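Report on one structure; see the data block that follows.
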Amino acid sequence: MSNTVMPVITRKGQEDKNTGQSGGCIRISGVGPQHTPATKIWFGKVSNDPGYRSYPHHHGEAETGGYVLKGKARIYFGENWQEYLDMEEGDFIFVPPYWPHIEVNMSTTEELVWMTTRTPDNIVINLPDVDDSILVGFRRA
Numbered sequence: 001m002s003n004t005v006m007p008v009i010t011r012k013g014q015e016d017k018n019t020g021q022s023g024g025c026i027r028i029s030g031v032g033p034q035h036t037p038a039t040k041i042w043f044g045k046v047s048n049d050p051g052y053r054s055y056p057h058h059h060g061e062a063e064t065g066g067y068v069l070k071g072k073a074r075i076y077f078g079e080n081w082q083e084y085l086d087m088e089e090g091d092f093i094f095v096p097p098y099w100p101h102i103e104v105n106m107s108t109t110e111e112l113v114w115m116t117t118r119t120p121d122n123i124v125i126n127l128p129d130v131d132d133s134i135l136v137g138f139r140r141a
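This is the structure in structure tokens:
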């Protein structure tokens, strides 16, 4: 028996769905320790239906890189979630460890899709939820 680590392909429809979740923000894993030999990286797809958002959360010790594949995103942060960053298709973001935030799909008609990578794994630590009314400009579908 060989101890050689080999490439692993995760086929469309065979992604791991048993990964950290946060409200209306759905994560599926394409590469991760749960279903591949990966030990220091998680890579997956994150989507929000139109007009949906995540719970307030952070990613523990994980550094996160995100890329907006499709849609219009807003990330709320800061005191009482009053600060925000807007992103659209083609934008990248670095999210530092332990940074509390809320990921929002600003469209009420189109899906928001991110490609996301984290080290070492998909850590999702949900925080107490907040009322939608404090999120400037957000509305549900």
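Counted the way UniProt numbering counts, the sequence shown spans residues 1 to 141. Virtual Cβ for every residue (Gly too), placed ideally from N, Cα, C. Model, not experiment: these values are computed from the prediction.
Inset, instruction - Assign G90 to buried or exposed, taking buried as 16 or more other Cβ atoms, counted over all protein chains shown, within 10 Å of its Cβ. - result: exposed
Inset, instruction - Would you identify the three-state DSSP class for W81, choosing helix, strand or coil? - result: Residue state, collapsed to three classes: helix.
Legend entry - Backbone CA spacing between I28 and V104 [nearest angstrom]: 17 angstroms
Legend entry - Inter-residue spacing [alpha-carbon to alpha-carbon] between Y55 and L127: 7 angstroms
Legend entry - F92 - partner residues in DSSP beta bridges: Y67
Inset, instruction - Spatial neighbours of F92 within its chain, please: CB distance less than 6 angstroms, with the 5 preceding and 5 following residues excluded, ordered by chain position. - result: Y67
Inset, instruction - Quick one: measure Cβ to Cβ for T19 and G32, integer angstroms, because I've assumed they're closer than 8 angstroms. - result: 7 angstroms
Legend entry - Alpha-carbon spacing of L85 relative to A73, whole angstroms: Looking at the two C-alpha atoms, the distance is approximately 8 angstroms.
Legend entry - Proximity of F94 and G60 at Cβ, strictly below 8 angstroms: no
Legend entry - Status (buried if at least 16 other CB within 10 Å, exposed otherwise) for N80: exposed
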